[in-house]
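Here the sequence shown stands for residues -19 to -1, 1 to 610, numbered as in mature numbering (1 follows the signal peptide of the UniProt record, and there is no 0).
From the three backbone atoms N, C-alpha and C, an ideal C-beta is built for every residue, glycine too.
Model, not experiment: these values are computed from the prediction.
All remarks here apply to the structure that follows.
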Amino acid sequence: MRRYLLYTLCCFILPAISTTPGFLHPPDVSPSRGSLLKHPVPPVSSACAGNTPTTRHQWCEHDLYTDYTKTTPETGVTREFWLDIDQATLAPDGRSRWDLTINGSLPGPTLEVNWGDEVVIHLRNSLPNTVHNGTSLHIHGLRQHYTNPMDGVVSVTQCPVPPGYTMTYRWRATQYGTTWYHSHIGLQTWEGVYGGLIIHGPASSNYDEDKGVIQLSDWDINTVDQLWHGAETVGSPVLDNALINGVNVFGNDSDPSQTGYRFNTSFTPGKSYRLRVTNVACDTHFKFSIDHHILTVIAMDLVPIQPYNTTAVSLAIGQRYDVIVHADQASTAKSFWLRAVPQLSCSANSNADNIRGIIYYTHTDKPNQPTLPTTAAYNLTDTCEDEPASNLTPIISTPLILTAEDSFYNETLSATAALTSHTVYRWYLNSTSMQGKWAQPTLRNFSAESSIADKPAVIAIPQADLWVLVVIETSMDIAHPIHLHGHDFLVVAQGYGSWDGSTSTSKSYAKSTARDQGTSTGLNLDFAAGALPKRDTALLPGMGYLVLAFRSDNPGAWLMHCHIGWHLDQGFALQFVERGEEIEGFLGGRAVGGAGADWRGFGDGLERNCRAWDLYHRGNNVLEDGAGI
């Protein structure tokens, strides 16, 4: 008999260098900052045999149709990276301000690995002791299958890494595609602690050249911490700019005092290019386009899909779309605007029409330099919605068949929000505004037999290998990008109003009828063909609902949260704890389930990290603010 869980959530708002995972070392035994920077990010090796511009579906002995949820290539390769977090004064749009950097740059370096590689990342916190900033490293969208302690979420899977210390993360690239890494403590990501990650693998359409990541981030002359004080009391601030791969201009390009510059890249006529577009913003939903060019979308998040053509892609925060662009417009103009347009119906930006890069055509025998384009934008409607579900068909389908005869768990999770007694906004899910404890993450001293009632905003999934059905609703006209750690989920339904289990709403993805989830003991959902979109980040529409489904097949404590920075730091999050006995297993060093490896050191490494933070915290009177995640 199949089993699944059903959760309903509503939300609204009122006015250490070691190859052992998790080990952390103090300054006297850690490599110096200088030695870390002597390790540039290594280039990835050439693509797997058979993967050529005309056979991108091939990948050594595997291909596009290999089920990556069941099979991972054995490459025998370990890729090792050193990342160093520090502070600097930068001028990414021509205006100077204090910021955080990774290896001295904004954004941090793009890391490249191959599908199946082992990955080791040494993260050093070089922030001065006067800043009192701990840190962490989360790989967005990576399942971390049986490696939950490597998920990098402060207050959930680890304590913060204190200044002067290094933590080592180790995981396996069991998926492929485009994603990003970032800090997962407070608003630190949007001060500059983020970068791109490419996991090379097969593709659903051919192309000549991979142009790498195109990271879209919002920006302001004020730091996010300065903006946060306003967001706490009066709501989200209006940001004054955005960046494309860390650069842009503020004001006019032709202004003699202009010191900012546009992101630019060249096309050779007749070639095709893969662009890996990523929304890494704090509070901005973008539409991405290139004037006069058609985008062929081949992947969303870390999921390859059937290709489709469009003039623009709509990206909620945290989402990624891989697109192919054909350089077939050389006769139209020499250069074209690449545009990232904030959708003002859910994003506030005072420079919305000036977030642009440049695509310029060149010839090998007559290379050109980029010139300012004069091309016109497509006429696009300002909307805060995901791409149409009918376009988002995964290559590897996942059947979802749930009937009224199946037993299931039904827990309705209401949500409220309010101003606190200190007149600051807090978001609530399941009647709880998550407040993490930096020194007491969920995995610390974890026991499957002990109560987790003292852990913040926890939903315990009672059995393994269940379908977990989550319904999230909001009565506010504010869209929320919902991200789930540790899983790809199926988008079962998405629409406006309240979900009653039917498929009548205009944005519903369901193709069959279901009983009213509020009164019935069962559902009729039949997606045997597996056509549902599968991803790790999906949009909850304003005044609407999002229904997602995932399998409880990955032991750990997994965060689910809104990816708007302000909302996350105001508590819009909860955590699913699944397969507790197996969590004890890998924390204690026992190989469990299908992990196929003895991850000895998880528990010891986590405790060592937390003891280092305990010592630092006591000695520096560190203030824990925000939601602590």
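On the DSSP bridge assignment, give the partners of residue i in chain order.
i           : result
residue 315 : In DSSP, residue 315 forms no bridge with anything.
residue 462 : 520
residue 255 : 191, 305
residue 475 : 527
residue 279 : Its beta-bridge partners do not exist; DSSP assigns none.
residue 615 : As displayed, the chain neither begins before -19 nor continues past 610, which places residue 615 out of reach and without an answer.
residue 62  : 102
residue 67  : 82
residue 43  : 40
residue 247 : 341
residue 139 : 135
residue 115 : Residue 115 is not bridged to any residue.
residue 175 : 163
residue 35  : None, per the DSSP bridge assignment.
residue 120 : 162
Would you mind sorting residue i into buried or exposed? The rule is 16 or more other CB atoms within 10 Å of its CB.
i           : result
residue 216 : exposed
residue 446 : exposed
residue 236 : exposed
residue 117 : buried
residue 200 : buried
residue 606 : exposed
residue 6   : The predicted model places residue 6 with a pLDDT of 40, which falls under 50 and marks its position as unreliable, so this point remains unresolved.
residue 366 : buried
residue 539 : buried
residue 344 : exposed
residue 46  : exposed
residue 284 : buried
residue 369 : exposed
residue 594 : buried
residue 589 : buried
residue 126 : buried
Is residue i helix, strand or coil by DSSP?
i           : result
residue 263 : coil
residue 371 : helix
residue 287 : strand
residue 165 : coil
residue 451 : strand
residue 152 : strand
residue 552 : coil
residue 601 : helix
residue 210 : helix
residue 93  : strand
residue 158 : strand
residue 564 : helix
residue 594 : helix
residue 446 : coil
residue 587 : helix
residue 358 : coil
residue 170 : helix
residue 547 : helix
residue 223 : strand
residue 581 : Residue placement at residue 581 is poorly supported in this model, since its pLDDT is 48, which falls under 50; the coordinates are not used for a value here.
residue 538 : strand
residue 334 : helix
Measure from the alpha carbon of residue i to the alpha carbon of each residue in the options, then state which is nearest.
i           : options            : result
residue 138 : 606, 599, 584      : 584
residue 155 : 77, 232, 230, 96   : 96
residue 636 : 189, 193, 169      : The requested residue 636 does not occur in the structure, where the chain is confined to residues -19 to 610.
residue 608 : 191, 416, 273, 378 : 416
residue 288 : 295, 279, 294, 296 : 279
residue 41  : 55, 592, 247       : 55
residue 259 : 557, 59, 321, 103  : 321
residue 568 : 338, 454, 58, 130  : 130
residue 219 : 319, 79, 329       : 329
residue 410 : 542, 32, 94        : 542
residue 292 : 362, 284, 325      : 362
residue 256 : 87, 197, 544, 310  : 197
residue 554 : 178, 206, 438      : 438
residue 469 : 452, 475, 515      : 515
residue 477 : 140, 460, 177      : 460
residue 356 : 423, 379, 471, 315 : 315
Cβ contact (3+ pairs, closer than 8 Å) linking the stretch 236 to 243 and the stretch 78 to 90: no
Stretch-stretch touch, CB-based, cutoff 8 Å, three pairs: the stretch 56 to 76 with the stretch 103 to 119: yes
Touching by the beta-carbon criterion (3+ pairs, under 8 Å), the stretch 548 to 565 and the stretch 293 to 307: no
The stretch 521 to 532 / the stretch 403 to 412 touching (three or more Cβ pairs under 8 Å): no
Cβ contact check for the stretch 88 to 103 and the stretch 149 to 163: 3 or more pairs under 8 Å: yes
Contact the stretch 222 to 229 vs the stretch 332 to 346: 3+ CB pairs below 8 Å: yes
At least 3 beta-carbon pairs within less than 8 Å: the stretch 269 to 277 vs the stretch 366 to 381: no
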